[in-house]
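Reading through the structure tokens given below for one structure.
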Amino acid sequence: VSDAVYFPNIASTKSVYAQILDATQVKVQALGLSGIAGSSIVQREVPAGRDMTLPGIVIAPQRDAMPSAAGVIGADDVTYGVTVAIFDNDNQSHANIAKYTLWREQIAHAFRNKRLAGVSEVYNCAVTPSEAIGVRDWYANKFVSAFLFQFTARELRT
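Shown next, in the form of structure tokens:
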């Protein structure tokens, strides 16, 4: 078995990171999460749920990594972090737990250990969940739950 060869999308005028954010948004919207309008799945510079229609999802860049020893001859592996955060109003009734855990499950299943369609450089996504329900937010009658996605891309050295 030979090593996989990855070809960069040289026709794109966007950075790999911007392509990852776009593709993540499209993929989450395509899940058709019950109760969340596609227009409420947005990109932001930080994962904050202010000034948006709830329930909603924010996709935001996080820390990236460029380990010097990662990659192969002529190409480097770069890891791009993306936060996917779910926001909703909640009344502490426990009636929404099935809905919230289903959203989390559907999102995680869509990305975990998979390539990212539309971004040829990405060959894996590691999914790290946060707590399923943020306790401080729950006490404030809010639901907040997030994931850190770490997309590994193989990029040619130029």
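In short: position in the sequence shown from 1, add 18, done, that's the numbering used here. Built from N, CA and C at the ideal position, the CB exists for glycine as well.
- By the Cβ rule, the segment 41-49 counts as touching the segment 117-130, because three or more pairs are nearer than 8 Å.
- Residue 95 sits buried, since 16 or more C-beta atoms from the chains shown fall within 10 Å of its C-beta.
- Secondary structure of residue 80 (DSSP, three-state): coil.
- Within the same chain, 142 and 143 come within 8 Å of residue 132 by CB-CB distance, once the 5 residues on both sides are set aside.
- Beta-bridge annotation (DSSP): residue 163 is paired with 104.
- Beyond the five residues adjoining it in sequence on each side, residue 155 comes within less than 6 Å, by CB distance, of 162 in the same chain, given in chain order.
- If you draw a 10 Å sphere on the C-beta of residue 115, you find fewer than 16 other C-beta atoms in it, and that means exposed.
- Considering only 157, 137, 160 and 167, the residue with the shortest C-alpha distance to residue 34 is 137.
- Residue 38 and residue 166 do not touch by the CB rule: their CB atoms are close to 13 Å apart, not below 8 Å.
- Taking 7 Å as the cut-off, the beta carbon of residue 42 is found closer than this to the beta carbon of residue 100.
- Here residue 39 carries a helix assignment [DSSP, helix/strand/coil].
- Relative to the Cα of residue 145, the nearest Cα in the group 160, 159 and 129 belongs to 129.
- Cβ contact annotation for residue 147 (same chain, cutoff 6 Å, sequence separation greater than five): 165, in chain order.
- The three-state secondary structure of residue 125, taken from DSSP, is helix.
- Beta-carbon to beta-carbon, residue 67 and residue 74 are separated by about 7 Å, close enough to satisfy the 8 Å threshold.
- Where residue 140 is concerned, the enclosing beta strand (DSSP E) starts and stops at 140-147.
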